[in-house]
Each structure stands twice: as C-alpha cells, then as structure tokens.
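Participant:
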Amino acid sequence: MVCDANRPRASAPLDSAMWGLLLALATFAPAVDLGLGTPGASGLGLAPPATTKAPVSTLAPSSNPAQQPSGKNNGTSEQHVRIRFVKKKKVIIKKRKKLTRPRPLVTTGPPVITTPAGALHLPEEKEPGCPPLGLESLRVSDSQLEASSSQSFGLGPHRGRLNIQSGLEDGDLYDGAWCAEPQDAEPWLQVDARRPTRFSGIITQGRNSVWRYDWVTSYKVQFSNDSRTWWGSRNRSSGMDAVFPANSDPETPVLNLLPEPQVARFIRLLPQTWLQGGDSCLRAEILACPVSDPNDLFPKAPALGSSDPLDFRHHNYKAMRKLMKQVNEQCPNVTRIYSIGKSHQGLKLYVMEMSDHPGQHELGEPEVRYVAGMHGNEALGRELLLLLMQYLCREFLRGDPRVTRLLTETRIHLLPSMNPDGYETAFRRGSELVGWAEGRWNQQGIDLNHNFADLNTPLWEAEDDGLVPDTVPNHHLPLPTYYTLPNATVAPETRAVIEWMERIPFVLSANLHGGELVVSYPFDMTRTPWAARELTPTPDDAVFRWLSTVYAGTNRAMQDPDRRPCHSQDFSLHGNIINGADWHTVPGSMNDFSYLHTNCFEVTVELSCDKFPHENELPQEWENNKDALLTYLEQVRVGIAGVVRDKDTELGIADAVISVDGINHDVTTAWDGDYWRLLTPGDYMVTASAEGYHSVTRSCRVTFEEGPVPCNFHLTKTPKQRLRELLASGAKVPPDLRRRLERLRGQKN
Ligand SMILES: [Zn+2]
2 MVCDANRPRA SAPLDSAMWG LLLALATFAP AVDLGLGTPG ASGLGLAPPA TTKAPVSTLA
62 PSSNPAQQPS GKNNGTSEQH VRIRFVKKKK VIIKKRKKLT RPRPLVTTGP PVITTPAGAL
122 HLPEEKEPGC PPLGLESLRV SDSQLEASSS QSFGLGPHRG RLNIQSGLED GDLYDGAWCA
182 EPQDAEPWLQ VDARRPTRFS GIITQGRNSV WRYDWVTSYK VQFSNDSRTW WGSRNRSSGM
242 DAVFPANSDP ETPVLNLLPE PQVARFIRLL PQTWLQGGDS CLRAEILACP VSDPNDLFPK
302 APALGSSDPL DFRHHNYKAM RKLMKQVNEQ CPNVTRIYSI GKSHQGLKLY VMEMSDHPGQ
362 HELGEPEVRY VAGMHGNEAL GRELLLLLMQ YLCREFLRGD PRVTRLLTET RIHLLPSMNP
422 DGYETAFRRG SELVGWAEGR WNQQGIDLNH NFADLNTPLW EAEDDGLVPD TVPNHHLPLP
482 TYYTLPNATV APETRAVIEW MERIPFVLSA NLHGGELVVS YPFDMTRTPW AARELTPTPD
542 DAVFRWLSTV YAGTNRAMQD PDRRPCHSQD FSLHGNIING ADWHTVPGSM NDFSYLHTNC
602 FEVTVELSCD KFPHENELPQ EWENNKDALL TYLEQVRVGI AGVVRDKDTE LGIADAVISV
662 DGINHDVTTA WDGDYWRLLT PGDYMVTASA EGYHSVTRSC RVTFEEGPVP CNFHLTKTPK
722 QRLRELLASG AKVPPDLRRR LERLRGQKN
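Numbering (the working numbering), first residue to last: 2 to 750.
See the structure below:
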C-alpha cells in the first residue's frame, strides 16, 4: 500500500526480554510441511500441544472469587458500583503516569512480555506459539466482535483489528481502532471464537488516527464459554488477576503471552489504564490454537488449505536463495537464476527466469515480469512469487498444458524481493509484530515506489506546449539530467531495476504490494500539480483497465461478494480496480516510469488487507491468487504482435516505432524487429516507422479470440538512406538511384 507514507509513525525498540520470546515464538511458529523439505514442522502446526489440557466441559469458570473481578459475572447490573471502583483506580494512575505527548516512549511498567513471574522453568515455551485468530486477516468477521460501548460506529468493535487504518479524513465510518465511550467505566472488547479455542496470547496497538493519540497502557484478560460467566487470566506466582502492560505509542504492536493458555470460546480484553487525556482505544489480534472437537459439537473452522504441495513458509534472504536454487535444480531446462544488482546492504536482487530457452530472447516471444517486495514489509507478494516458481516448475514437469504453453510462448522473469533489506527488518520482527510501516523503506529510508524518475512532468509540459508527438516523443522518455548525476538520491535497488528494464524488452508486468485488496493502474501521479488525488488516465486506459480487471476478476479474495473493506475504502464498488492517481498521487512510481521509459505496461496489485500474513494463511492466499497470477501473464497475448523487417534483406529492424491511430503512446521493436502492442479488441490503423525507411500503415483487427493477432511490416528504405549506406560502404551510386535523388532535389527547390 502506498498511502501510509505520510502517516505519523512511531517505533519502539524491543527490549531483550521481548527478543528472547520472539525468537522462541519464531522457532516454534507453525509451519506447513507439504513435501518440499520443511524440517521439523508437523502438519499444520495447529495440533494441540503435547501437554494434556482439561477438556472444555471442565473448564467452567473458577469458583475462586479472586479470579472474578467484581460485577463481571453478570453483564446487566451493578453499573454504579463499577464506576466507583474504576474511578478510584484512575486517580492512582494519574499520579503514576505523567505522559503528555507520545514522543518519548516511556515504559513505566515491566517488560513488554508478561512471563510467568518467578517460575522455575518455562514449560510453555516448548509449546508451539499459536497463530493469530484472524482479526487482522478478517477471518474473524465483524459479528464476532463485541464491546461494552463504542464512541461511534467508526470506532466500533469491528474496528478493533490489528493494523486497521483510519480513513485520511478520519470519518465516522472508518476509524482506526475500537474506542470505548469516555464515560464507560469498565470497557471491554470481546471476541467470539465460535468454538472452543486455546487462547495463548494477545497483541495490541493504539489508535491509528491523523488527529488523535489514544492507546491503552494496561489491560486484563477474561475468558468465558457462554459470554455470561467469566474468569480471568491469573499470574501463577501471586494467583492474582494478571494486569498486562500494553502500549506506549499508537503503532508498535505489543505481544503478551498468557501465563497459562486457556481453553474457552470467548475472550475479553479489559483496558485498565490508558494514555492520560485520551480514550480507551485499541486494535488487537488474538493468538489462538484450535482444540480438538471429536464429537463435532461446533461448526468447523473454514479450511485454509491448498492441494498444491508447495513450500508454504515465509522465506528470509537465505531461505529464499536456497528455495530458488532447489527450483533451478528441479527444472534446469526451463529456469535460470540471475541477479540484477545489490541492495544497499549488499543483498543480491535475484531473479528467476522461466522459459523454454532460459537466458535468451527468442524472436516473437514476449518478456513478462513480476516484481514483489519493493516495500519490504509487504511480504505476501514475495511468497506468492516463490510459490509461483515452484508451481510452474512442478506443473511443467507434469506436462500441464497451460503451464507448458506459458513457458514455451513467453519468457517470465520473477523478482521476489526488490527491497531485501526492508524485508529482513520486517521478517526479524515477525508477521504479527512488524506493525504497519517498519521495513517498508530500503536501508537508506527511501520509498522505492517514489524513487523512479518523474517522466510525467516533462511529458505533460511538452504536451501543454503542443510538442508531442512531433518534437517530443510520446514514449521512451529519457532520464532527466538531475536523475543521472552521481549525487542524485537514487537507491541502488531502483538503479538496478531501471537497468534491468532497459536491458530486457519487457511487455507486461505487475508489481505486488499488500495492505489493501485492489488493482491500481497508471498514471499513479496526478496531472494537476499538488493535487492529492485526481483521475489521471493514460492514453492506454482501455488496456490498463482490461489488465486490472483480469487480475481483480480472477482473484478469489477480491471476488468474494461477502468481503468487508480492508480499511477505509470499499474498492469492490468499482470492480476492485482504481486509477492510481485517483486513489492518491504517487510521483516517481514504478508503473508510470515503466510506461513512459520502456514498452512495458505495469499495474500494482494490492494483494491482501494484511501486509505480512501469518504463514498459515499462505496456502489460502496462494489459492486466492494462483489463477490470477497465471491469467494475468497470459494477457500478453491480447493485442497485436509481429516483426518489422527490411523489405530487401528480410532482416528485423530494431527500434522501429509502432503507432496506433487514436492512442498517443507508441511502442518500439526489440533488437530483432519483434514487437508487441497490447490492445483491447477492436479495429486499429497501425503504422510502423523507422529511421531511413518509408513508414507503412495497415489495419489490424484484435478479436476476443486468443492472440496475439499477427501484424507484420516490411519497410522499404528511403533513397536517402540507401545513398547514405552506399557511400558509407565506399560503393558507387547506381544511376537509377542518382536519378531519383536528383528528381527529389528538384522537387524541393
Ligand atoms: Zn506497497
């Protein structure tokens, strides 16, 4: 997602205690082992832990009164008693806390993670960490969330999801947290897991807002099987209700593992203290493992599987390199790994090339690419490309006709990680604790999707002066001088991608992002300077809308009619596609640069609400995107293609210009004279022109049948060009040519 760059950001360094537990959590994180050599993982990682737990029916609320906060076992009465109780508490807190502004990250409490204090050994750490219940991924539906009160609909319990983003206007409908009413003395947020569940931890965040700071600084946790009788999470040493230290800024997610995991159906978070002057606002994720239900008493959780035996894990740099190597070894005839350069930290930008003749451009075979991870924390695209390369290799070996055709008719380049430095930062935090922004930028703090040369401005200025296309071409705009200077702020990752774009005649691309569910197409930058958003179509709007619709229309998550919006905009109202500039302006985007500097048409795919989904979501995300990823690449067949040749020699002409009547954007031929012009179905007048040749115009019809439609050209050299070539070769000028030249000269005079 691109719109969060200007949001207020905060980051708190993890203390060492948290790191220890994070590492433990990472080690035991469930992994899906489906045959590609995931060591040590068992099944979905969701099996109940080895420690025997009491069955659900015996987990009735404890009779120990110390476990039950006063008035909590009956949600209907005793309102004023509670108010008095809490008011007293609040006074104490006001004395203790002198927090005014959020900048200094004051941690008055114990370390961020609550461990069983005084425990001699930590048997819990041997249990695998439970995955998220799905508040962030939206697997938990709005109706499963409930609260004691809320300030407005936009701050309702359904907004209490980790990483949810407010609208830029902070409108009532979409605000960035659940917030209790200020007069609510004992606020709570409740999640109904809908079946007995082993709750093991809670992650909280403050409120995402342009205008306000609100976060909860401590909370208690309660459980219930019927939402009427509740029992609390207790400290094992003291036997008292555990008070969990929570947030100290709006954004950093804070994890608390429960002293003892509890099996229940409902869980409540009860904020105890919050930022002075603020409200009780939070965003949360619940860590929970399913428990066995041998008698099928409860509705089954929806399956999260895929039938493809692929490596569904998050891969850091080393693991990614290893996996790519494995794919290369399995499919040596159709794969090749190469690097296009290095990140600021020196990590290589690896590309997997997949084609029947890897390493060479074949005449008439279009080049396509996917780029993922330009925002390092948007991790799903990276894994989808790693899954795609495994899938293409495997299906090619199995003789799948669709994949075989794709690999023999196109040359596919997959760059899973354009910003590996940012990814490593996000990966180290982990999928649930990385927050919304950390790892987005490269090591130098550059947002790579704002770092490409702005070619829109020079093009539009020339257009305003009436110079396009006669004086200034409408394609292949050169890099501006300032951009090529040695001290220009251009990230090494950006430079590497630009050189890659210039080296290979790409026709079609998508770059994969996360944090929303929508496909956005160029232009990404508004034509009116400083406009925050404005519809800014390219001359190829029809093609871009086609391409975007193909991806959005074959992506299962986008097609789900029941899906709720990720954050603050409901893109499903417009087919899940949007013009980039009409969403929010992005100068220097990769899409705009691709279109104006090369032949390549590129769109942005925002793959999921969750930027860094837990790895148990990967099989489902693969299923959501598999068909879309394949179908999108096949769109390189939509339009016309052919070779522009010299009529006499039959040799291909490089850099010939292909213009289509009515579309003020040309493409050019590759070295051997081959070209691809993406076009939606219709009749077109197409002109091929090249320096030293007479231009040729012909009509070409694009139908809904599978293409591309062949549209070849034979160009004749101009007499001037022939003369030039003859003179250059030292030959005599033949008499007929001399006569024609004299005639031409006479006409001019
Ligand atoms: Zn992004």
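A virtual CB, placed ideally from N, CA and C, is assigned to each residue, including glycine. All values reported here derive from a predicted model rather than from experimental measurement.
For Leu631, tell me which candidate among Pro614, Tyr694, Gly554 and Phe705 has the shortest Cα-Cα distance.
Facilitator: Position 630 of the sequence shown holds residue 631. The shortest Cα separation from Leu631 among Pro614, Tyr694, Gly554 and Phe705 belongs to Gly554.
Participant: Could you compute how far the alpha carbon of Met502 sits from the alpha carbon of Pro720?
Facilitator: As a first step, residue 502 is located in the sequence shown; it is residue number 501 there, counting from the start. As a first step, residue 720 is located in the sequence shown; it is residue number 719 there, counting from the start. When rounded, the distance between both Cα atoms is 35 angstroms.
Participant: May I ask you to verify whether the segment 653-662 touches the segment 580-597, counting CB pairs closer than 8 angstroms and requiring at least 3?
Facilitator: The segment 653-662 is not in contact with the segment 580-597.
Participant: For the segment 484-562, which segments carrying the alpha helix (DSSP H) assignment without a break, of at least 4 residues, lie completely within its bounds, in sequence order?
Facilitator: Complete alpha helix (DSSP H) runs here, min 4: 493-504, 542-555 and 557-560.
Participant: Restricting to Cα atoms, I'd like to know which of Gly168, Lys349, Gln152 and Arg162 is closest to Ala181.
Facilitator: In the sequence shown, counting from the first residue as 1, residue 181 sits at position 180. Nearest of Gly168, Lys349, Gln152 and Arg162 to Ala181, Cα basis: Gln152.
Participant: Within 10 angstroms of its Cβ, does Tyr483 collect 16 or more other Cβ (buried), or is it exposed?
Facilitator: Here residue 483 corresponds to residue number 482 of the sequence shown, with the count starting at 1. It is exposed - the Cβ of Tyr483 has fewer than 16 other Cβ atoms within 10 Å.
Participant: May I ask you to check if the CB of Asn450 is nearer than 7 angstroms to at least one heavy atom of ligand 1?
Facilitator: By 1-based counting over the sequence shown, the position of residue 450 is 449. Yes - ligand 1 has a heavy atom lying nearer than 7 angstroms to the Cβ of Asn450.
Participant: Can at least three beta-carbon pairs, one atom from the segment 340-355 and one from the segment 489-507, be found at a separation below 8 angstroms?
Facilitator: Judged by Cβ distances under 8 angstroms, the segment 340-355 makes contact with the segment 489-507, as three or more pairs qualify.
Participant: Given 7 angstroms as the limit, tell me if Glu439 has its C-beta closer than that to any heavy atom belonging to ligand 2.
Facilitator: The model on display carries ligand 1 but not ligand 2.
Participant: Beta carbon of His514: closer than 7 angstroms to some heavy atom of ligand 1?
Facilitator: In the sequence shown, counting from the first residue as 1, residue 514 sits at position 513. For ligand 1, at least one heavy atom lies less than 7 angstroms from the Cβ of His514.
Participant: Assign Gln152 to one of three DSSP states: helix, strand, or coil.
Facilitator: The residue you call residue 152 lines up with position 151 of the sequence shown. Three-state DSSP puts Gln152 in coil, outside helix and strand.
Participant: When you compare only the Cα positions, how much space is there between Arg140 and Tyr220?
Facilitator: Taking the sequence shown and counting its residues from 1, one reaches residue 140 at position 139. Taking the sequence shown and counting its residues from 1, one reaches residue 220 at position 219. Spanning the two alpha carbons is a distance of roughly 24 angstroms.
Participant: Compute the minimum distance between the beta carbon of His376 and the heavy atoms of ligand 1, and state whether it is under 7 angstroms.
Facilitator: One-based indexing of the sequence shown puts residue 376 at position 375. Yes, the Cβ of His376 comes within 7 angstroms of a heavy atom of ligand 1.
Participant: For Ser730, does the three-state DSSP call read helix, strand or coil?
Facilitator: As a first step, residue 730 is located in the sequence shown; it is residue number 729 there, counting from the start. DSSP places Ser730 in helix when its eight states are reduced to three.
Participant: Among Tyr676, Asp684 and Asp647, which residue has its Cα nearest to the Cα of Gly757?
Facilitator: Beyond the ends of the chain as shown, which are 2 and 750, falls residue 757; an answer cannot be given.
Participant: Which whole runs of the beta strand (DSSP E) in the segment 329-382 are 3 residues long or more, in chain order?
Facilitator: Those beta strand (DSSP E) runs which fall completely within the segment 329-382 and span 3+ residues are 336-343, 349-355 and 368-373.
Participant: Apart from the five residues on each side of it in sequence, which residues of its chain come closer than 7 angstroms, Cβ to Cβ, to Gln445?
Facilitator: Here residue 445 is taken as the residue at index 444 of the sequence shown, counted from 1. These residues qualify, in order along the chain: His345 and Ala492.
Participant: Taking a contact to mean a Cβ-Cβ separation below 8 angstroms, would you say Val551 touches Leu679 in this structure?
Facilitator: As a position in the sequence shown, residue 551 is number 550, starting the count at 1. As a position in the sequence shown, residue 679 is number 678, starting the count at 1. Contact flag unset, no.
Participant: Using only the heavy atoms of ligand 1, determine whether one of them is closer than 7 angstroms to the beta carbon of Glu187.
Facilitator: Along the sequence shown, one-based indexing puts residue 187 at 186. Glu187: no, Cβ never under 7 angstroms from ligand 1.
Participant: In the DSSP assignment, find the unbroken alpha helix (DSSP H) run with Gln621 in it and report its ends.
Facilitator: Position 620 of the sequence shown, counted from the first residue, corresponds to residue 621. It spans Leu619 to Glu635 - the alpha helix (DSSP H) in which Gln621 sits, taken as one unbroken run.
Participant: Using alpha carbons as the reference points, say which of Ser307, Ala454 and Gly207 lies closest to Leu276.
Facilitator: The residue you call residue 276 lines up with position 275 of the sequence shown. With distances taken between Cα atoms, Leu276 lies closest to Gly207.
Participant: Please give me, in chain order, every unbroken run of the beta strand (DSSP E) with length at least 3 that falls completely inside the segment 675-718.
Facilitator: Counting only runs of 3 or more, we get 675-679, 683-690, 697-703 and 714-716.
Participant: Starting from Cys131, follow its DSSP beta bridges and name the residues at the other end.
Facilitator: Position 130 of the sequence shown, counted from the start, is the residue given in the question as residue 131. DSSP output for Cys131 lists no bridge partner at all.
Participant: At a threshold of 7 angstroms, does Glu379 count as lining ligand 1 (C-beta to nearest heavy atom)?
Facilitator: Within the sequence shown, the letter at position 378 stands for residue 379. Glu379: yes, Cβ under 7 angstroms from ligand 1.
Participant: To which residues of the same chain is Pro295 closer than 7 angstroms at the C-beta, ignoring the five residues directly before and after it?
Facilitator: What you label residue 295 is simply residue 294 of the sequence shown in a count that begins at 1. Excluding residues within five positions, none has a Cβ falling inside 7 angstroms.
Participant: Taking just the CA atoms, how far does Ala243 sit from Asp280?
Facilitator: On the sequence shown, residue 280 is found 279 positions in, with the first residue counted as 1. On the sequence shown, residue 243 is found 242 positions in, with the first residue counted as 1. Looking at the two C-alpha atoms, the distance is approximately 22 angstroms.
Participant: Residues in its own chain within less than 7 angstroms of Gly382 by CB, not counting five upstream and five downstream?
Facilitator: Taking the first residue of the sequence shown as 1, we reach residue 382 at position 381. So the qualifying residues of the chain are Ala373, Gly374, Leu513, His514, Gly515 and Leu608.
Participant: Any idea what DSSP makes of Arg744, helix, strand or coil?
Facilitator: Indexing the sequence shown from 1 puts residue 744 at position 743. DSSP places Arg744 in helix when its eight states are reduced to three.
Participant: Write down the C-beta distance between Pro538 and Asn580 rounded to the nearest angstrom, noting that I regard them as a contact closer than 8 angstroms.
Facilitator: Indexing the sequence shown from 1 puts residue 538 at position 537. Indexing the sequence shown from 1 puts residue 580 at position 579. That pair is a contact at about 6 angstroms.
Participant: If we ignore side chains and look at the alpha-carbon of each, how far apart do Trp531 and Gly168 end up?
Facilitator: Translated into positions along the sequence shown, residue 531 becomes position 530. Translated into positions along the sequence shown, residue 168 becomes position 167. Each residue's Cα considered, the two are about 20 angstroms apart.
Participant: Would you call the CB atoms of Leu416 and Val328 closer than 8 angstroms?
Facilitator: The residue given as residue 416 occupies position 415 in the sequence shown. The residue given as residue 328 occupies position 327 in the sequence shown. Result no, Cβ atoms of Leu416 and Val328 do not sit closer than 8 angstroms.
Participant: Pop quiz: Glu354 and Arg412 are said to be a contact at Cβ under 8 angstroms. What is the actual Cβ separation, rounded to whole angstroms?
Facilitator: Locating residue 354 in the sequence shown gives position 353, counting from the first residue. Locating residue 412 in the sequence shown gives position 411, counting from the first residue. With a Cβ gap of about 7 angstroms, Glu354 and Arg412 count as contacting.
Participant: Taking only the alpha-carbon atoms, compute the straight-line gap between Ala642 and Gly365 and give it to the nearest angstrom.
Facilitator: Taking the sequence shown and counting its residues from 1, the one referred to as residue 642 is at position 641. Taking the sequence shown and counting its residues from 1, the one referred to as residue 365 is at position 364. Spanning the two alpha carbons is a distance of roughly 8 angstroms.
Participant: Please go through the same chain and pick out, in chain order, the residues whose beta-carbon is closer than 6 angstroms to the beta-carbon of Phe299, but skip the five residues on each side of it.
Facilitator: Stepping through the sequence shown from its first residue, residue 299 is reached at position 298. So the list reads Arg196, once near-sequence residues are dropped.
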